[in-house]
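>
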Amino acid sequence: MATYDLVVIGTGPGGYVCAVRAAQLGMKVAVVEKNATLGGTCLNVGCMPSKALLHASEMFEEAAHSFAKMGVSVSAPKLDLPAMMNFKQQGIDGNVKGVEFLMKKNKIDVLYGAGKILGAGKVEVSGNGKSQTVETKNIVIATGSDIARLKGIEIDEKRIVSSTGALSLGRVPEKLLIIGAGVIGLELGSVWKRLGAEVMVVEFLDRILPGIDGEVAKQFQRILEKQGFVFKLGAKVTAVDSSGKTLKATVEPAAGGVAQTIETDVVLVCIGRVPYTEGLGCKEAGIALDNRGRVQIDAHFSTSVKGIYAIGDVVAGPMLAHKAEDEGVACAEIIAGQAGHVNYDVIPGVVYTTPEVSSVGKTEEELKQAGVAYTSGKFPFTANGRSKVNQTTDGFVKILADAKTDRVLGVHIVGREAGEMIHEAAVLMEFGGSAEDLARTCHAHPTRSEAIKEAALAVGKRAIHM
Ligand code: FAD
Ligand code: NAI
1 MATYDLVVIG TGPGGYVCAV RAAQLGMKVA VVEKNATLGG TCLNVGCMPS KALLHASEMF
61 EEAAHSFAKM GVSVSAPKLD LPAMMNFKQQ GIDGNVKGVE FLMKKNKIDV LYGAGKILGA
121 GKVEVSGNGK SQTVETKNIV IATGSDIARL KGIEIDEKRI VSSTGALSLG RVPEKLLIIG
181 AGVIGLELGS VWKRLGAEVM VVEFLDRILP GIDGEVAKQF QRILEKQGFV FKLGAKVTAV
241 DSSGKTLKAT VEPAAGGVAQ TIETDVVLVC IGRVPYTEGL GCKEAGIALD NRGRVQIDAH
301 FSTSVKGIYA IGDVVAGPML AHKAEDEGVA CAEIIAGQAG HVNYDVIPGV VYTTPEVSSV
361 GKTEEELKQA GVAYTSGKFP FTANGRSKVN QTTDGFVKIL ADAKTDRVLG VHIVGREAGE
421 MIHEAAVLME FGGSAEDLAR TCHAHPTRSE AIKEAALAVG KRAIHM
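So the sequence shown is numbered by full-length UniProt numbering: it starts at 1 and just counts up by one.
(1) With distances taken between CB atoms, is the gap from A456 to G377 smaller than 8 Å?
(2) Which term fits E135, buried or exposed, when burial requires 16 or more other beta carbons within 10 angstroms of its beta carbon?
(3) Which of the three DSSP states, helix, strand or coil, is assigned to Y4?
(4) How close, in whole Å, do the beta carbons of G39 and N95 come, if the pair is a contact with beta carbons under 8 Å?
(5) Tell me which residue opens and which closes the beta strand (DSSP E) that F231 is part of.
(6) Which of the three DSSP states is assigned to P253 in this structure?
(7) Check N128 in the structure and name its three-state DSSP category.
(8) Would you list, in sequence order, the uninterrupted alpha helix (DSSP H) runs of no fewer than 4 residues that lie entirely inside the stretch 127-205?
(9) Is there at least one non-hydrogen atom of the ligand NAI closer than 7 Å to the beta-carbon of F204?
(10) Given this structure, state the Cα-to-Cα distance separating N390 from H412, to the nearest angstrom.
(11) Evaluate K362 with the Cβ neighbour count: other Cβ atoms within 10 Å of its Cβ, from every protein chain shown; 16 or more gives buried, anything less gives exposed.
(12) How many Å lie between E365 and G129 at the Cα?
(13) I think V202 touches K248, with their Cβ atoms under 8 Å apart; what is that distance to the nearest whole Å?
(14) Any heavy atom of the ligand FAD within a distance shorter than 7 Å of the CB on I179?
(15) Quick test of the definition: if touching needs 3 or more C-beta pairs under 8 Å, does the stretch 413-425 touch the stretch 344-360?
(16) Does DSSP put Y16 in a helix, a strand or coil?
(17) Taking 7 Å as the cut-off, is the CB of V216 close to at least one heavy atom of the ligand NAI?
(18) My output table needs one value for T261: the three-state DSSP class, helix, strand or coil.
(19) Under a Cβ-count criterion, where at least 16 other Cβ atoms within 10 Å of its own Cβ denotes burial, should C18 be classed as buried or exposed?
(20) May I ask whether a heavy atom of the ligand NAI can be found less than 7 Å away from the beta carbon of P253?
(21) Considering only DSSP beta bridges, list what S359 is partnered with.
(22) For I29, which three-state DSSP category applies?
(23) Would you say the beta carbon of H322 is closer than 7 Å to some non-hydrogen atom of the ligand FAD?
(24) Spatial neighbours of M84 within its chain, please: CB distance less than 6 Å, with the 5 preceding and 5 following residues excluded, ordered by chain position.
(25) DSSP state of V295, grouped into three classes?
(26) Can you find a heavy atom of the ligand NAI that lies under 7 Å from the Cβ of K236?
(27) Whose C-alpha, out of E450, G328, V29 and I9, is nearest the C-alpha of I141?
(28) Bridge partners for I117 per DSSP, in chain order?
(29) What is the DSSP secondary structure of G337, reduced to helix, strand or coil?
(30) By the 10 Å Cβ neighbour count, where 16 or more other Cβ atoms means buried, how is M48 classified, buried or exposed?
(31) Hey, would you say the C-beta of S304 is under 7 Å away from at least one heavy atom of the ligand FAD?
(32) Taking 8 Å as the threshold (C-beta atoms), are V295 and V314 in contact?
(33) Determine the closest residue to I399 out of Q369, G328, G371 and G433, with distance taken between C-alpha atoms.
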């Protein structure tokens, strides 16, 4: 029987990164993966394919609507959807191969099959009609998450799709109805909108992107509406009739009331994701789950069973690839006897639309609710030179700082490249920096990042270009 220091179940960004870090620390490591390819949700049906389609569709949109105003004259672009899907697949394959390479480089055994925990120190791996049991000193559960389903609305991944089906539609739907104005709805809605679909988003709450700073979400909604998105807020889809040529969705006010029927070609259900522990044997092994089905862990990623840890989407916290990765590193270091740590106060979030939305730290609503006295500095891209010359002036940077100490508590950006810009704020916050520190840091001109410096100056009411 093979024996290891660590067996990681799942090879998403949490699992494979944990395995690499553990191998770097001298452990003998194996990963278990039930899918045919490594990389988990993120590489196969999540972050990567969605970003490939967002990039390609943005290029299509730019060629159609932005080139001419810059004096670049091209004939109207034509969509070759199979070629775009091939571009997406090449991106997935390249990244999956990268993870395979990392496993080899770090001498990590890859065991394909479904992993089941038989108890502390024992994992059964079954697949292709074969089964083996491996022994290990430690186990890390990194089995990720699955789509959340809506009762009574069956996903067929053709006309009623989850994000997985929406990443592989065979043709551009004339009409796309999206249930849920969260990250997936707005990113994948953007893809199909740019390629020609009419997009309507039905959202249960009275706002889009819950969890994002309210002012940012409002501005972002207006920008998306200008792009042609139609939002039905405070509403829910209660049924979808798929018996006819077009789908008929029943939409009701969230609080109940008069229903409306909306015809559409495709329905995308994206109302969140749920932890995935199916077939893992948690109950039999005595591994406690919380009331939302997540594996319960302590501050050191340890489950209720000694020697068994859990990280990533399957535990509490934001369902983000980089959060899973950082937990993977910290967990491996803790297993090795080091002091691994994740700072949950500084986890950036990005919505990869055009413009992008990014944030790190507290929102204004969170500070108000916690009774923290804060000051705020805001700077619009309309006053940023680089944005002006490029004619990409939508959005702003907002910085929230402690009223007494000036320590930066949150940074929120809506605007092009916001996802790349947020990291200087994250580094500053990791070091406990102040708005004054940001304001006194020389920023290259002309860059969009100067808007961050100006927003920091605005905290002290002394922005230069406004
Ligand atoms: P996963 O990536 O879900 O990996 C879990 C792995 O475990 C899977 O490969 C699964 O097959 C395997 N597994 C499960 N059970 C078993 C078992 N019993 N035995 C063996 N193997 C098993 N996050 C971002 O940060 N940025 C983004 O841009 C982004 N875009 C996204 C877009 C979409 C459409 C979706 C759906 C998600 C996106 N996410 C994004 C979220 C991101 O994909 C997840 O947060 C991330 O993948 C979680 O990593 P993980 O390692 O915890 O789990
Ligand atoms: P989400 O949690 O971001 O948004 C779901 C939305 O659906 C919410 O606005 C919610 O209020 C709404 N909703 C819930 N039930 C509803 C109902 N019955 N009717 C109408 N609206 C309803 O979840 P989403 O978009 O499915 O994404 C899942 C996870 O994947 C997120 O947690 C996110 O972290 C991750 N992800 C991250 C990305 C990124 O970092 N760029 C991209 C895509 C996904």
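Quick reminder that beta carbons are idealized off the backbone N, C-alpha and C, glycines included.
Predicted model, so just to flag it, every value in this text is computed and none were measured.
Quick answer:
(1) As a position in the sequence shown, residue 456 is number 456, starting the count at 1. As a position in the sequence shown, residue 377 is number 377, starting the count at 1. Cβ atoms of A456 and G377: closer than 8 Å.
(2) Mapped onto the sequence shown, residue 135 falls at position 135. E135 is exposed by the Cβ-count criterion.
(3) Reading the sequence shown from its first residue, position 4 is the one you call residue 4. In the structure shown, Y4 sits in a strand (DSSP, three-state: E or B).
(4) Along the sequence shown, one-based indexing puts residue 39 at 39. Along the sequence shown, one-based indexing puts residue 95 at 95. That pair is a contact at about 6 Å.
(5) Position 231 of the sequence shown, counting from 1, holds the residue named residue 231. Its beta strand (DSSP E) spans residues V230 to L233.
(6) Reading the sequence shown from its first residue, position 253 is the one you call residue 253. Strand, per DSSP.
(7) To locate residue 128, count along the sequence shown from 1; it is residue 128. Coil.
(8) 163-166 and 183-194
(9) Taking the sequence shown and counting its residues from 1, the one referred to as residue 204 is at position 204. For the ligand NAI, at least one heavy atom lies less than 7 Å from the Cβ of F204.
(10) If you number the sequence shown from 1, residue 390 lands on position 390. If you number the sequence shown from 1, residue 412 lands on position 412. Each residue's Cα considered, the two are about 22 Å apart.
(11) Translated into the one-based positions of the sequence shown, residue 362 becomes position 362. Counting Cβ neighbours within 10 Å, K362 comes out buried, since at least 16 surround it.
(12) Within the sequence shown, the letter at position 365 stands for residue 365. Within the sequence shown, the letter at position 129 stands for residue 129. Cα-Cα distance, rounded: 53 Å.
(13) As a first step, residue 202 must be located in the sequence shown, where it is residue number 202. As a first step, residue 248 must be located in the sequence shown, where it is residue number 248. That pair is no contact at about 14 Å.
(14) In the sequence shown, counting from the first residue as 1, residue 179 sits at position 179. No, Cβ of I179 sits at least 7 Å from all heavy atoms of the ligand FAD.
(15) yes
(16) As a position in the sequence shown, residue 16 is number 16, starting the count at 1. Helix at Y16.
(17) Working through the sequence shown from its first residue, we reach residue 216 at position 216. Not under cutoff, so the answer is no.
(18) Locating residue 261 in the sequence shown gives position 261, counting from the first residue. The answer is strand: DSSP assigns T261 an E or B state.
(19) Walking along the sequence shown from the start, residue 18 turns up at place 18. Answer is buried; the Cβ neighbour count reaches 16.
(20) Sequence index remark: in the sequence shown, residue 253 carries index 253 (1-based). Flag unset: Cβ of P253 not near the ligand NAI.
(21) For the purposes of this step, residue 359 is taken as residue 359 along the sequence shown, with counting starting at 1. Per DSSP, G349 and H412.
(22) Here the question's residue 29 lines up with position 29 in the sequence shown. The question names Ile, but residue 29 is Val in the sequence shown. In this structure, V29 counts as strand in the three-state DSSP scheme.
(23) Walking along the sequence shown from the start, residue 322 turns up at place 322. Because some heavy atom of the ligand FAD lies under 7 Å away, the Cβ of H322 counts as near it: yes.
(24) As a first step, residue 84 is located in the sequence shown; it is residue number 84 there, counting from the start. A56, listed in sequence order.
(25) Residue numbering aside, residue 295 sits at position 295 when the sequence shown is read from its first letter. Strand.
(26) Here residue 236 is taken as the residue at index 236 of the sequence shown, counted from 1. Yes, the beta carbon of K236 sits closer than 7 Å to at least one heavy atom of the ligand NAI.
(27) Within the sequence shown, numbered from 1, the residue matching residue 141 stands at position 141. The shortest Cα separation from I141 among E450, G328, V29 and I9 belongs to I9.
(28) For the purposes of this step, residue 117 is taken as residue 117 along the sequence shown, with counting starting at 1. DSSP, once it has assigned bridges, lists V123 as partnering I117.
(29) Counting from 1 along the sequence shown, the entry for residue 337 is found at position 337. DSSP places G337 in coil when its eight states are reduced to three.
(30) Here residue 48 refers to the residue found at position 48 when the sequence shown is read from its first residue. Buried, because 16 or more other Cβ atoms sit within 10 Å of the Cβ of M48.
(31) The residue you call residue 304 lines up with position 304 of the sequence shown. Checking every heavy atom of the ligand FAD against the Cβ of S304, none is found closer than 7 Å.
(32) Your numbering for residue 314 matches position 314 in the sequence shown. Your numbering for residue 295 matches position 295 in the sequence shown. Going by C-beta atoms, V314 is nearer than 8 Å to V295.
(33) Taking the sequence shown and counting its residues from 1, the one referred to as residue 399 is at position 399. Measuring from the Cα of I399, the nearest candidate turns out to be G433.
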